[in-house]
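Notes to accompany the following structure.
Protein chains in written order, with our numbering: chain A, 212 to 681; chain B, 1097 to 1560.
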């Protein structure tokens, strides 16, 4: 991968104008954003370039036996604007308290992208042209179809030059791209006169792959047709198959809630070495995973990215730390300080946020369960969940679940009729003496898929509670 | 700049520069100022709203809008944005007028509560948070508690070439309490969240009795049973009723979805969809809601729009384009998340008006089922007409009585079936409006409120 040319040096320029006692840090972004919004098969609105350049200044000051953290963000790059931002940060630091005797910010020479694949260079060089090609690829599969249409959608690409400077001498710069795609595919018409069906897809990723998108749309059209004829699932405790697109909505927020230095400080984190999943389950957090949404050469404090083992054969491996929480425990940052990520929402304007420790790209390695067809065969009789309304797990209790927007009965080891409505749910992660998704995995597929900030194969869970027609 | 109205001359200059190329242009400036503190057992974390303000300029070219945004609110920044719009317009032949009526509203709303939060100071906010933390953790079994207190002054200034010029400064306050109970590695919590237009008087919402009750609720959840599973009678608490209104009717009546032919409700406009006691409303003009606005981002005044009136589906939410397409009037629901985001038809404060039952009567009528309490999320299905609502807790209803506490669950159902099965709503004394954030699809979050009273119907429920 060849890195695109970077022009921005925003954080360095702000840092050079600071007259501050250490420790301090400046994280900055210069972004260009391009959007294409769809109405049916037509383009409704084109936006961009939307330019945004801003920075966040963070300082640490002694506060009793601990440390006060002050953070403020701004888009004002004038000397007066920087001074006002620093004054805000100083006020906030004076009012805050945190039980770390000191916070060590990473030192180092100027950094570069270090080969981590996070920037689509052709998108970087020809943004609107590439975005248009991608939209064309999304729409092409609808040509000649009379029963399926896109009804609502948008593709939004953000091209960002991230820069970081701190009082320990670190100067870091890297470019990256993110794309948000949303498409609602509507199936209608037909002789049976049923109401229309919709398969509504949301995804975010780092590179445009038009041909892959075209293939996906053909699947989405089939699924939208299935929505029209789907019936309610049964009620009961059933084997449930969860493809990567579902797993990625469940596990990252739960690890973010319990597997961090913040959770440890609040005495909510699991003990290292304790059992939280079946012996066959290993889960890692890989900050350099190619094209992962959470991947980067260094985290948002400048600590180099690496792999971390969250669960090692079912036992807790390590917790995730940023510099501040690492300081509270006298340990080192794990390189998980990211900005603007919550369990609900990832803000493309990361400079607006102070960092916190969250997973980067969570990886469940492939298992020996075989292909999706073989996983279904292992399930025997159960449910394949294709899409949930919103799984949104509880980050502390680990409870997850939602309405089945579309799924399939599995009968005799084969995918059978589509199902829709009702709910499926359970607990994602719990101490091993309690039932949970990760404790009760029956089979792990052999083909992983990267979806947003998680790479996972398809999983077969022994039993989850399905509420449907009864 | 003391407030965004100082952009008056720059906006006028920018709009004049576009008048030769378009028959309509508008400018919107947006800024939020505020402070927040998050406190837990080991840390106090104050924060301030970022120093980010900006403006978006939009003009009509033939058949489509052209827009550009800037975070530089000076002559140069606004001039550049106007030039970008002019460049895009020069590629069109100019001259047509945009669909729908242009606002001519000229009014300022510069709202100052009797006790502005900005005068309270961070120290006092931290003191309130410490009090609440103390009340919560004095309840046996509560291991930890996170308190959030904050305020935001939401400021918007709008001008267009049709003569509109309006300004609003809306002070909003929010509080949140999450008492966490833990036992043998199992963790659970209840939560308390309130918010709306006002000043420091709103911190009264954070009183000892409420905080202790919610802390007790967290402890109960550790011992709670698994929720029942399947189709059954459900009583929704006021917040959940509001979320039902928001997800079922709010999203389905955003008229851009009508224009896209992506709403199961469109063919049903004018039909009786529910019992006569059911009235669902969206009101940006609701006096002190979290979703309250005085005018929308097309400069149209906020209003009360009945969506369902005594069971009949009567209305939809419009911007100027959808209003023109569907022979309606704009309803003051054209909203942007911020100056960087596009405009969509959006909700404001959406609620179900009260009925005349008591909660006891609704529970007796339900006989067997479940009470759903404390909504945590919901998601719409605008074309399919399903909905998902998740709640933090509930109570079993057995033989017409509220009995055991049950854990978090999800409600699923076809909206029209849930409406058809609605049997009663409780009285105005139970009415509550709660704050939240709503996306258009899965992005563009903005503040909204939803509310109602207790509602009895039938739906599918399962653990979640």
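Here a beta-carbon is modelled for each residue, glycine too, at the ideal position from N, C-alpha and C. In this text, all values refer to a predicted model and were calculated from it rather than measured experimentally.
(request) Identify the contact partners of residue 422 of chain A in chain B, using a Cβ-Cβ distance below 7 Å as the criterion. (result) Residues of chain B passing the Cβ test: none, with the nearest at roughly 25 Å.
(message) Distance cutoff 8 Å, beta carbons only. Does residue 1360 of chain B sit that close to anything in chain A?
(response) yes
(message) For residue 1391 of chain B, list the residues DSSP reports as bridge partners.
(response) Bridge pairing for residue 1391 of chain B: B/1397 [DSSP].
(request) Can you tell me which of the three DSSP states residue 1357 of chain B falls into? (result) coil
(request) To the nearest angstrom, report how far apart residue 1416 of chain B and residue 226 of chain A are at their CA atoms. (result) 46 Å
(message) Among the candidates A/658, A/483, A/637, A/508, whose CA atom is the shortest distance from the CA of residue 329 of chain A?
(response) A/508
(request) Spell out whether any CB of chain B is found under 8 Å from the CB atom of residue 532 of chain A. (result) no
(request) Report the residue ranges of all beta strand (DSSP E) runs contained in full by the region 1121-1196 of chain B; include only those spanning at least 3 residues, in chain order. (result) 1121-1135, 1140-1144, 1149-1157, 1160-1166
(message) If contact is defined by three or more beta carbon pairs under 8 Å, each pair taking one atom from either stretch, is the region 269-280 of chain A in contact with the region 295-308 of chain A?
(response) yes
(message) With three or more C-beta pairs closer than 8 Å as the rule, is the region 1131-1142 of chain B touching the region 654-667 of chain A?
(response) no
(request) Would you mind sorting residue 1097 of chain B into buried or exposed? The rule is 16 or more other CB atoms within 10 Å of its CB. (result) The residue in question, residue 1097 of chain B, is exposed, as its Cβ has fewer than 16 Cβ neighbours within 10 Å.
(message) According to DSSP, simplified to helix, strand and coil, what is residue 330 of chain A?
(response) coil
(message) I'd like to know whether the C-beta of residue 343 of chain A is nearer than 8 Å to at least one C-beta of chain B.
(response) no
(message) Taking 6 Å as the limit between beta carbons, can you name the residues of its chain near residue 1254 of chain B, skipping five residues before and five after?
(response) Once the five neighbours on either side are set aside, the close Cβ partners of residue 1254 of chain B are 1124, 1262, 1395.
(message) Based on DSSP bridge pairs, tell me the residues matched to residue 1328 of chain B.
(response) B/1555
(message) Looking at the ligand ZN, does it come within less than 7 Å of residue 557 of chain A, judged from the CB to the closest heavy atom?
(response) Inclusion of the ligand ZN in the displayed structure is not the case, the ligand content being empty and no account of it being possible.
(message) Looking at the secondary structure, which residues open and close the alpha helix (DSSP H) in which residue 1384 of chain B lies?
(response) Taken as a continuous stretch (DSSP letters only), residue 1384 of chain B belongs to no alpha helix (DSSP H), as it is neither H nor E.
(request) Buried or exposed for residue 483 of chain A, please, with buried defined as at least 16 other CB atoms from any protein chain shown within 10 angstroms of its CB. (result) Exposed, because fewer than 16 other Cβ atoms sit within 10 Å of the Cβ of residue 483 of chain A.
(message) Quick check on this structure: which residue in A/343, A/489, A/545, A/475 has the alpha carbon closest to the alpha carbon of residue 1625 of chain B?
(response) Because chain B here runs from 1097 to 1560, residue 1625 of chain B falls outside it and cannot be looked at.
(request) Within 10 angstroms of the Cβ of residue 1310 of chain B, are there 16 or more other Cβ atoms? Answer buried if so, exposed if not. (result) With 16 or more other Cβ atoms inside 10 Å of its own Cβ, residue 1310 of chain B counts as buried.
(request) Use the C-beta contact count for residue 1208 of chain B: other C-beta atoms within 10 angstroms, 16 or more gives buried, fewer gives exposed. (result) exposed
(message) Per DSSP, what are the beta-bridge partners of residue 413 of chain A in this structure?
(response) According to DSSP, which records beta bridges pairwise, residue 413 of chain A is partnered with A/393.
(message) Whether or not the region 1333-1346 of chain B and the region 1421-1429 of chain B are in contact is what I'm after, with contact meaning three or more pairs of Cβ atoms, one per stretch, closer than 8 Å; do they touch?
(response) no
(request) Taking only runs that begin and end inside the region 520-605 of chain A, name each unbroken beta strand (DSSP E) of 3 or more residues, in chain order. (result) Every beta strand (DSSP E) stretch that sits fully inside the region 520-605 of chain A and reaches 3 residues is listed by chain position as 593-599.
(request) Figure out for me which residue from B/1219, B/1165, B/1199, B/1363 has the closest Cα to the Cα of residue 1411 of chain B. (result) B/1363
(request) Go to residue 625 of chain A, then tell me how far its beta strand (DSSP E) extends in each direction, as first and last residue. (result) 625-630
(request) Report the residue from A/429, A/437, A/469, A/467 whose alpha carbon sits nearest the alpha carbon of residue 355 of chain A. (result) A/429
(request) Using a threshold of 8 Å, state whether the C-beta atoms of residue 588 of chain A and residue 600 of chain A are closer than that. (result) no
(message) Residues in the same chain with beta-carbon distance under 6 Å from residue 505 of chain A, minus the five sequence neighbours each way, listed in chain order, please.
(response) 571, 572, 664
(request) Count the other CB atoms, across all protein chains shown, that sit within 10 Å of the CB of residue 1280 of chain B; report buried if there are 16 or more and exposed otherwise. (result) exposed
(request) Step through the CB atoms of chain A and report whether any lies within less than 8 Å of the CB of residue 1106 of chain B. (result) no
(message) By alpha-carbon positions, which one of B/1296, B/1467, B/1474, B/1237 ends up nearest to residue 1329 of chain B?
(response) Proximity to residue 1329 of chain B across B/1296, B/1467, B/1474, B/1237 peaks at B/1467, based on C-alpha coordinates.
(message) Check for me: the beta strand (DSSP E) holding residue 1261 of chain B runs from which residue to which?
(response) 1261-1279
(request) Report, in whole angstroms, the separation of the C-beta atoms of residue 218 of chain A and residue 372 of chain A, which I expect to be a contact under 8 Å. (result) 7 Å
(request) Measure from the C-beta of residue 413 of chain A to each C-beta in chain B and report whether the shortest distance is under 8 Å. (result) yes
(request) Taking the CB atoms as reference points, tell me whether residue 1192 of chain B and residue 1156 of chain B lie closer together than 8 Å. (result) The Cβ-Cβ distance between residue 1192 of chain B and residue 1156 of chain B falls below 8 Å.
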